[in-house]
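Report on the structure given below.
In this note's numbering, the protein residues as written are 31 to 226.
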C-alpha cells in the first residue's frame, strides 16, 4: 500500500482540526487533504441530520408566469443545479433604479439566520434573459478558517411589466457554481456559513 493510499484511508477518520493540521505537513499531504471527499465526511459526521435532509427546494417556481422570454424558460429548465424560489409578494422596479439585493436564509433546526448575499448591487441586467445578476463572497464561520473565496450568484428573475421601463420580479435564483452542484453539496456549503 502506497503512502497516498494510507493517507486516503486515515484522513476520513480525523476531525477538522487534525485534518487542517495535516495540510501543513508537506505539499503531498496538503494536496491529498484538500480533497472535498474528506471535508464532506467531516460535515456528515458533525451534522448528520442536516446532511441527510432530502427536501431542499430546487425549483419553487412550478409554473413560470406568462410573458417570460424563451431564453429564461430554457435556463430554468436546464440540467444545472440551481435553487430557484418564488418571490412573494412580487414587486416591480423601474429600469432606471439601482438594484441592491440581500439574501438571508433560516435554519429549520434552530432559530439562526445566515447571510448569503449582503447588499450586493445587481450591476448586470440581462434583458434578453430577463435576469438581474449580483454576486458576493460567502461569509464562512470562524470554525472553517481554510475555506474562503467561494461566491454565490443571485439572479432576480423578471418579466417586463406592460408599463414601459418597469420590471416585475417574480423569482430568485441562487447558483453556487462549481462549489456546489447538487442538493447535498448546497446543504454542506450552507452549513459552513456564519449562522447567527
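In this text, a Cβ means the ideal position worked out from N, Cα and C, and glycines have one as well.
Just so you know, these numbers come straight off a predicted model, no measurement behind them.
Please report the straight-line C-alpha distance between residue 207 and residue 147, rounded to a whole angstrom.
15 Å
Query raised in the report: With a Cβ-Cβ cutoff of 9 Å, do residue 162 and residue 199 count as a contact?
Result: yes
Strand pairing of residue 113, partner residues [DSSP]: 204
**Q.** Cα-Cα separation, residue 213 to residue 156
**A.** 27 Å
Take the Cβ of residue 33 as the centre, count every other Cβ of all protein chains shown within 10 Å, and call the residue buried at 16 or more, exposed below. exposed
If you draw a straight line from the alpha carbon of residue 150 to that of residue 36, how long is it in whole angstroms? 45 Å
ask   = Nearest CA to the CA of residue 226: which residue from 137, 164 and 44?
value = 137
| query | Hey, residue 115 and residue 202: beta-carbon distance below 9 Å or not? | reply | yes
request  = To the nearest angstrom, report how far apart residue 118 and residue 164 are at their CA atoms.
outcome  = 20 Å
With DSSP run on the structure shown, which of helix, strand or coil describes residue 161?
strand
Report task. With a threshold of 16 other CB atoms inside 10 Å of the CB of residue 125, please say whether the residue is buried or exposed. Result -> exposed
| said: Only counting the same chain, and skipping five residues up and downstream in sequence, which positions put a Cβ closer than 7 Å to that of residue 38? | reply: 62
Q. What's the gap between the Cα of residue 122 and the Cα of residue 185?
A. 15 Å
C-beta atoms of residue 152 and residue 169 nearer than 9 Å
no
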